[in-house]
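Peer 1: Once you've had a glance at the structure underneath, I'll fire off some questions.
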Amino acid sequence: MARAKLESDKVFDDWMVRNNERIGKILIPQVGEYPPTLENFYGSVLNEWVTTDLIRHYVDAIGDRNPLWRSEDYAKKTRWGGIIGPPTVTDSIVQPYPYKQEPEEFKKFNGFMTLPNGTRRELYKPIRPGDRLRAIRRYLGITEVETARPEPVREFDEVVQRQIINQRDEIVAVIYNHATQLLNHQMSLENPLYPKRKRIRLTDEQRDAIYRGYDTETWRGAEARFWEDVAVGEELKLHPLGPYTIYDIAAFYTAMSGHAVAFELEWERIKLNFDFAWLDPEVNAWTCGGVCHFEDNKGPHSQIWANGYAAGFYSQVEGLLGRMITTWMGDDGFLKVLDTRVPCYPMAGDLLHCKGRVTDKSAVNGEYLVDMDVVCESMDGFALVNGTAQVQLPSRTDFKGLRY
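What follows is the structure, given as structure tokens:
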């Protein structure tokens with residue numbers, strides 16, 4: 006039997022209609038957009054120009070030592086002819102959270118929340134030093150989806166597309182950002198948005214195994230991984246990473262710059278939407294909601310994302326999945342698609358296990374493709390970020406080592 010309609014249902018139905026009237030609306034994100042707009046609150050262009058420094062700062066933030074991203078002497082000997090950016094470096098080009106901040110009419114229902122829920126990246130060209138990039142944002146609408154949460158919660162999937170275009174008017178990447186909109190969810194410690202978890206203390210053996218993995222890491226590199234040599238069911242993995250620390254989170258903060266503004270610029274963002282900020286009772290002053298990433302129990306966002314623990318970045322974990330794939334495929338591969346969702350938010354203290362499994366391989370229009378499932382799991386077995394990927398590999402039948 007259908008439940009009785011609530012006062013909030015009419016407001017939310019109207020809200021969905023209004024949003025879907027914007028389907029197809031185009032917005033051109035500006036460079037360093039401060040103050041931002043409510044419609045594109047975390048969606049500005051962070052870096053217009055690609056440099057070797059920008060690429061290095063990004064790969065530093067995901068711990069990736071692959072010389073293809075770092076060494077010109079190494080990279081010029083590859084098919085690419087020079088340094089390129091890893092697939093997920095797009096997060097240093099445009100902010101990964103381009104959603105609309107909603108007005109206070111929802112506040113009285115104490116149950117409207119926007120939860121970033123992953124990214125589909127379609128990659129067409131490598132990003133290179135010297136590229137000058139711009140973005141086109143297109144709103145794709147919001148759809149109600151079935152929810153596993155208790156009534157009267159309603160759940161929606163909202164999608165925003167961004168095209169990243171270089172100075173030659175070539176589409177480098179198309180990014181689809183997904184957000185889960187939850188309505189009527191009465192947030193509390195007893196009713197969290199994600200599974201309740203606790204930090205796990207490592208044994209000495211577990212700790213030492215992590216550092217052995219760091220010290221013995223290798224890359225496929227110049228040894229081509231040919232399509233013919235890959236089998237369905239083949240597994241790939243990255244050595245365990247972590248435990249995830251606030252220092253790791255801060256490293257990604259500087260690469261992504263999602264909240265990385267200070268003083269007057271921080272105030273410009275806070276006053277645009279006080280509901281998204283936090284009045285810190287200890288000092289009786291407003292602070293950006295992003296403080297939840299740097300200390301436990303700082304503001305309501307830490308309860309929303311990570312049960313009170315400092316919240317990590319799912320986009321940093323996406324970078325780790327991309328790192329695993331590029332390490333596996335070698336210099337001659339090209340990651341064409343990485344499509345992820347976020348079933349459980351990463352938190353400081355997580356030990357991160359990235360792994361994948363080949364699910365299919367095909368030859369289409371002269372491209373030799375491998376499909377795989379990928380996941381990053383916590384030490385306690387929760388899938389933090391999962392999804393699928395598609396990689397183009399060289400074939401033994403026509404491998405010429407050609408450059409793009």
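Here the sequence shown stands for residues 6 to 409, where the numbers follow my numbering. Glycine residues also receive a C-beta, built at the ideal position from the N, C-alpha and C atoms. None of the values given here were measured: they were computed from a predicted structure.
1. Is the segment 50–67 touching the segment 148–165 in the sense that three or more CB pairs, one from each, lie closer than 8 Å?
2. When DSSP builds the beta bridges, which residues end up paired with Ile141?
3. Suppose contacts are defined by Cβ-Cβ distances below 8 Å. Is Met352 in contact with Ala388 by that definition?
4. Within 10 angstroms of the Cβ of Gly86, are there 16 or more other Cβ atoms? Answer buried if so, exposed if not.
5. Is it right to say Glu12 is buried, meaning 16 or more other beta carbons lie within 10 angstroms of its own, or is it exposed?
6. From Gly338 to Lys15, what does the alpha carbon distance come to, in whole angstroms?
7. Rounded to whole angstroms, what's the CA-CA distance from Val235 to Arg401? Just pull it up for me.
8. How far does the beta strand (DSSP E) with Gln397 in it extend, from its first residue to its last?
9. Could you spell out the range, first to last residue, of the alpha helix (DSSP H) harbouring Phe17?
10. Residues in the same chain with beta-carbon distance under 6 Å from Gln321, minus the five sequence neighbours each way, listed in chain order, please.
11. Compute the Euclidean distance between the alpha carbons of Leu404 and Tyr79, then round it to the nearest angstrom.
12. Under the DSSP definition of a beta bridge, which residues are partnered with Ala290?
13. Hey, how far is the Cα of Arg408 from the Cα of Val94?
14. Secondary structure at Pro377, three-state DSSP: helix, strand or coil?
15. Within a Cβ cutoff of 6 Å, which residues of the same chain sit near Asn115, ignoring the five residues on either side of it in sequence?
16. Report buried or exposed for Ala229, applying the criterion of at least 16 other Cβ atoms within 10 angstroms of its Cβ.
17. Which first and last residues belong to the beta strand (DSSP E) in which Thr83 is found?
18. What residues in its chain sit with their C-beta under 6 Å from that of Glu127, if we drop five residues either side in the sequence?
19. Excluding five sequence neighbours on each side, which residues of the same chain lie with their C-beta closer than 7 Å to the C-beta of Ala184?
20. Just list the residues that DSSP pairs Ile31 with in beta bridges.
21. Contact check, Val379 vs Thr393 under 8 Å by CB: the rounded distance?
22. Would a C-beta distance cut-off of 8 Å place Ile98 and Ile169 closer than the cut-off?
23. Using the Cβ count rule (16 or more neighbours within 10 Å means buried), how would you classify Arg142?
24. Look at Ile275 and Ala265 and say whether their C-beta atoms are less than 8 Å apart.
25. Please report how far the alpha carbon of Glu210 lies from the alpha carbon of Trp224, in whole angstroms.
26. In this structure, how does DSSP classify Asn115 when only helix, strand and coil are distinguished?
27. Measuring straight from C-alpha to C-alpha, what distance separates Pro91 and Glu323?
28. If Asn391 and Arg346 are in contact, beta carbons under 8 Å, what's the gap, nearest whole angstrom?
29. Ends of the beta strand (DSSP E) at His358?
30. Quick one: using the 10 Å Cβ neighbour count with 16 as the cut-off for buried, is Tyr252 buried or exposed?
31. Cα-Cα, which of Trp310, Asp344 and Tyr314 is closest to Tyr326?
32. In three-state DSSP terms, what is Thr152?
33. Alpha carbon to alpha carbon, how far is Asp19 from Glu287? Give it in angstroms, no decimals.
34. Give the straight-line distance between the Cα atoms of Ile309 and Lys303, rounded to the nearest whole angstrom.
35. In three-state terms, what does DSSP make of Ala184?
Peer 2: Let's see:
1. no
2. Gln168
3. no
4. Result: exposed.
5. exposed
6. 50 Å
7. 12 Å
8. Ala388 to Leu398
9. Run containing Phe17: Glu12 to Asn25, per the alpha helix (DSSP H) assignment.
10. In its chain, beyond the 5 residues on either side, Phe257 have a beta carbon closer than 6 Å to the beta carbon of Gln321.
11. With the sequence shown as reference, residue 404 is identified as Phe, and Leu is not the correct amino acid for it. The alpha-carbon of Phe404 is positioned some 20 Å away from that of Tyr79.
12. Asp285
13. Low local confidence applies: a pLDDT of 44 at Arg408 is under 50, so the model's placement there is unreliable, and no value is given.
14. The residue you asked about is not Pro; residue 377 is Met in the sequence shown. Note: Met377 maps to strand in three-state DSSP.
15. Per-residue confidence for Asn115 stands at a pLDDT of 49, beneath the threshold of 50, marking its modelled position as unreliable; the derived number appears in the next sentence. No residues qualify anywhere along the chain.
16. buried
17. Per DSSP, Thr83 lies in no beta strand (DSSP E) segment and is marked neither H nor E.
18. Val179 and Val342
19. Tyr104, Thr119, Leu120, Pro121, Asn122 and Glu163
20. Arg143
21. Sure, about 7 Å apart at Cβ, within 8 Å.
22. yes
23. By the neighbour-count criterion, in which 16 or more other beta carbons inside 10 Å mark a residue as buried, Arg142 falls on the buried side.
24. no
25. 25 Å
26. Residue confidence for Asn115 is low, a pLDDT of 49 falling below 50, so the modelled location carries little weight; the figure read from the coordinates is stated next. The answer is coil: DSSP assigns Asn115 none of H, G, I, E or B.
27. Each residue's alpha carbon lies about 12 Å from the other.
28. 6 Å
29. His358 to Val369
30. exposed
31. Tyr is not the amino acid found at residue 326; the sequence shown has Leu there. The shortest C-alpha separation from Leu326 is found at Asp344.
32. It is coil, neither helix nor strand.
33. 39 Å
34. Near 11 Å, if we compare the C-alpha coordinates of Lys303 and Ile309.
35. strand
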